[in-house]
Amino acid sequence: MDRWYETAKDLERRNEGFVLATVVRAIAPTSAKPGDKAVITEDGVVQGWIGGSCAEPTAKKEAKAALQDGVCRVVQITPDPELPAKREGLVVVPMTCYSGGELEIYLEPHPAKAELLVFGNSPVAQALIELGVFAGYRVTAVDTTERPPLEGATVVQDLDEAELKRPQRAAIVVATHGVFDEDAIARAAELGPRYLGVVASPRRFASLAAAMKRRGLPSETWAHVDGPAGLDIGARTPQEIAISIIASITAEREGITVTTKRPSKATQEPVVAEEPKVAVGASPSEPEPTGTGGKGSCCHG
Numbered sequence: 038m039d040r041w042y043e044t045a046k047d048l049e050r051r052n053e054g055f056v057l058a059t060v061v062r063a064i065a066p067t068s069a070k071p072g073d074k075a076v077i078t079e080d081g082v083v084q085g086w087i088g089g090s091c092a093e094p095t096a097k098k099e100a101k102a103a104l105q106d107g108v109c110r111v112v113q114i115t116p117d118p119e120l121p122a123k124r125e126g127l128v129v130v131p132m133t134c135y136s137g138g139e140l141e142i143y144l145e146p147h148p149a150k151a152e153l154l155v156f157g158n159s160p161v162a163q164a165l166i167e168l169g170v171f172a173g174y175r176v177t178a179v180d181t182t183e184r185p186p187l188e189g190a191t192v193v194q195d196l197d198e199a200e201l202k203r204p205q206r207a208a209i210v211v212a213t214h215g216v217f218d219e220d221a222i223a224r225a226a227e228l229g230p231r232y233l234g235v236v237a238s239p240r241r242f243a244s245l246a247a248a249m250k251r252r253g254l255p256s257e258t259w260a261h262v263d264g265p266a267g268l269d270i271g272a273r274t275p276q277e278i279a280i281s282i283i284a285s286i287t288a289e290r291e292g293i294t295v296t297t298k299r300p301s302k303a304t305q306e307p308v309v310a311e312e313p314k315v316a317v318g319a320s321p322s323e324p325e326p327t328g329t330g331g332k333g334s335c336c337h338g
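For the sequence shown, the numbering used here assigns the number 38 to the initial residue and increments by one for each residue that follows.
The structure is reproduced here in structure tokens:
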């Protein structure tokens, strides 16, 4: 078996990003031939063969860029970099060797999966694990209880053993439902993920805010906690709640601010002409508005 293939499988198992480089065209004299392959790791280590000193530095540089933007590309290394017609996805660089050959190398990025840590052993936690795996996350369940372990994820039973390899791309959701809430939130905050959400009713979330303040959690850290976790889409079941949370994580990753507000029943009914019109949500008899400004407790009770 080719060593590049073994390397790729090992990197995938360890959730390390890599780029698969394949020579798709070669004009002699070149040491690489069409079909030659190599794996280029995040650290720039090359396993395989795609050419010598004329090709490898360029391939490593472009592989790093491919891992950052996740976009495939063809790199053309040519002694006449101004001649080829520009086409989408083609990166043209000059050949630095005196041999004068030409290569085209296809770079296919395989970024490491983003991490999702789910604290707790609950129906919402199970739904988050299943949806997280489906959405392409590397999912870990953190559970200090003695309940049967949740399925579909690596399980960590000690809070101190919970860890993140890439916090800037990671998400943590605390779905402990009162079992070890405060300890879970404290540990999650220490790990410093890009997204931290807490599954709770508005009343419970307010209670946790006071409790975490007493424990010394900085107010600026708590201000970035999403709670009740997820977009308010009227979710009721564990699966619907999980969908709302994954949507919130996605929006955070893409830097998009998303709010939802369902119109009150009053705006859906005919308005009597003699009565003054009432702004949406202004009537004290209407239910609490939903969305980031007021999430209904039915969604995250």
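C-beta: ideal position from N, C-alpha, C; glycine also.
{"query": "Alpha helix (DSSP H) segment containing ARG240, residue limits", "result": "239-251"}
{"query": "C-alpha distance - GLU277 paired with ILE166, whole-angstrom precision", "result": "13 angstroms"}
{"query": "Whole-Å CB distance - PHE217 paired with THR191, under 8 angstroms assumed", "result": "At roughly 19 angstroms, the Cβ-Cβ gap does not stay under 8 angstroms, so PHE217 and THR191 are not in contact."}
{"query": "Selected residue, minimal CA-CA separation from SER238, among ALA246, ARG231 and VAL112", "result": "ALA246"}
{"query": "Check whether ALA92 and THR67 have beta carbons under 9 angstroms apart", "result": "yes"}
{"query": "Under the three-state DSSP convention, the category THR258 falls into", "result": "helix"}
{"query": "C-beta atoms of VAL236 and VAL262 nearer than 9 angstroms", "result": "no"}
{"query": "For ILE64: DSSP bridge partner residues", "result": "GLU139"}
{"query": "In chain order, each beta strand (DSSP E) run of at least 3 residues that lies wholly inside the segment 139-192", "result": "139-147, 152-156 and 175-179"}
{"query": "Three or more C-beta pairs below 8 angstroms linking the segment 148-167 and the segment 122-134", "result": "no"}
{"query": "CB contact flag (VAL179, ALA279, <9 angstroms)", "result": "no"}
{"query": "Of the listed residues THR44, ALA212, ARG51 and ASP117, nearest to LYS202 (C-alpha basis)", "result": "ARG51"}
{"query": "Selected residue, minimal CA-CA separation from GLY264, among GLY229, LYS250, PRO116 and ARG240", "result": "ARG240"}
{"query": "Residue of GLN105, LYS70 and VAL128 minimising C-alpha distance to THR95", "result": "VAL128"}
{"query": "Three-way DSSP call (helix, strand, coil) for ALA92 in this model", "result": "coil"}
{"query": "Limits of the alpha helix (DSSP H) - the one that GLN276 falls within", "result": "275-290"}
{"query": "Secondary structure of GLN113, DSSP reduced to three states", "result": "strand"}
{"query": "Simplified DSSP assignment, three categories, for THR78", "result": "strand"}
{"query": "As assigned by DSSP and simplified to three states, the class of LEU196", "result": "helix"}
{"query": "Per DSSP, cross-strand counterpart(s) of LEU57", "result": "VAL76 and GLU145"}
{"query": "ALA4 vs LEU140 beta-carbon contact at 9 angstroms", "result": "Nothing can be reported for residue 4, as the shown portion of the chain is limited to 38 through 338."}
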